[in-house]
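Student: For any residue, its number in the numbering used here is found by taking its place in the sequence shown, counting from 1, and adding 189.
We treat Cβ as the ideally placed atom computed from N, Cα and C, and that holds for glycine.
My structure is below; once you've seen it, I'll send some questions.
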Amino acid sequence: MSTPATFTVGLVQMRSGLTPAANLETAVKLIGEAKAAGADYVQTPEMTNIMDIRRERMLATVVPEENDVSLARLRELARSLSIWLHVGSLA
Numbered sequence: 190m191s192t193p194a195t196f197t198v199g200l201v202q203m204r205s206g207l208t209p210a211a212n213l214e215t216a217v218k219l220i221g222e223a224k225a226a227g228a229d230y231v232q233t234p235e236m237t238n239i240m241d242i243r244r245e246r247m248l249a250t251v252v253p254e255e256n257d258v259s260l261a262r263l264r265e266l267a268r269s270l271s272i273w274l275h276v277g278s279l280a
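Structure, rendered in structure tokens:
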């Protein structure tokens, strides 16, 4: 009889604001804390990189996926920490 595979999940809770760089730094810090606590799989909330009720202002801030610094850094972070990272969403 084999032992079932298990893993530890880390759930990141954050209050994203208007500045993607600040939101990214918060996410990176919290993801690192989750890994340090033993997480193999970490989830972040929807709109991890920016939360803005003014659609036009938000759209003026975001960039296409291939130019998104947040996405690139989170991908690299997942690789370097050897974790599965589920980003709820990025604007």
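Check whether the stretch 205-218 and the stretch 260-278 are in contact - that is, three or more C-beta pairs closer than 8 Å.
Tutor: The stretch 205-218, when compared against the stretch 260-278, does touch it at the 8 Å Cβ threshold.
Student: Whose C-beta lies closer than 7 Å to the C-beta of alanine 280 among residues of the same chain, with five residues either side of it excluded?
Tutor: So the qualifying residues of the chain are Met236, Asn238, Ile239, Met247, Val251.
Student: Looking only at DSSP bridge pairs, what is valine 231 linked to?
Tutor: Note: valine 231 sits in a beta bridge opposite Gly199, Leu274.
Student: Suppose the cutoff is 8 Å on Cβ atoms and the five residues either side in sequence are ignored; what does the same chain contact list for arginine 262 look like?
Tutor: Counting only Cβ-Cβ distances below 8 Å, and skipping sequence neighbours, we find Leu213, Val217.
Student: With a threshold of 6 Å on Cβ separation, who are the neighbours of alanine 223 within its own chain once the five nearest residues in sequence on each side are excluded?
Tutor: Same-chain partners within the cutoff: Gly199, Val231.
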